[in-house]
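Q: The structure under discussion is supplied below as structure tokens; questions concerning it will follow.
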């Protein structure tokens, strides 16, 4: 029909009100596409893949690191306070 517009109902992922760097980090953790050191080494951006805790810093390690607040994939979906704390911890690194 001419003149009518199809309006889609779109919304941002939860956590968008947390600030850009936290929200970006939260989304990277959610979709497992963060810039962890293991991937940065594969992509030849660094020669070091070790986390500050001494373990290899993989995508799954970021949620389990002893130096950081821990959270689960389920926490990231909400996001829960533990997911927000985890995202804020990593926001300058991933």
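Numbering (the numbering used here), first residue to last: 343 to 436.
Beta carbons are placed, not taken as given, at the ideal position from N, Cα and C, and that holds for glycine.
Note that the structure is predicted; figures quoted are calculated from it, not measured.
(1) Can you check which of these residues, 382, 408 and 420, is closest to residue 431 by C-alpha distance?
(2) Assuming contact is defined by CB atoms lying nearer than 8 Å, are residue 402 and residue 411 in contact in what I supplied?
(3) Closest to residue 379 by CA distance: which of 365, 404 and 367 is it?
(4) On the three-state DSSP scale, how would you describe residue 363?
(5) Considering only the alpha carbon of each residue, which of 355, 394, 390 and 389 lies closest to residue 370?
(6) With burial defined as no fewer than 16 other Cβ atoms inside 10 Å of the residue's Cβ, what is the status of residue 388: buried or exposed?
A: A quick look at the data gives this:
(1) What you label residue 431 is simply residue 89 of the chain shown in a count that begins at 1. Selected option, being the one with the closest Cα: 408.
(2) Your numbering for residue 402 matches position 60 in the chain shown. Your numbering for residue 411 matches position 69 in the chain shown. Cβ distance not < 8 Å, so residue 402 and residue 411 don't count as in contact.
(3) Numbered from 1 along the chain shown, position 37 holds the residue referred to as residue 379. That would be 404, whose Cα lies nearest to the Cα of residue 379.
(4) Position 21 of the chain shown, counting from 1, holds the residue named residue 363. Note: residue 363 maps to helix in three-state DSSP.
(5) Here the question's residue 370 lines up with position 28 in the chain shown. Checking every option, the nearest Cα to that of residue 370 belongs to 355.
(6) For the purposes of this step, residue 388 is taken as residue 46 along the chain shown, with counting starting at 1. Counting Cβ neighbours within 10 Å, residue 388 comes out exposed, since fewer than 16 surround it.
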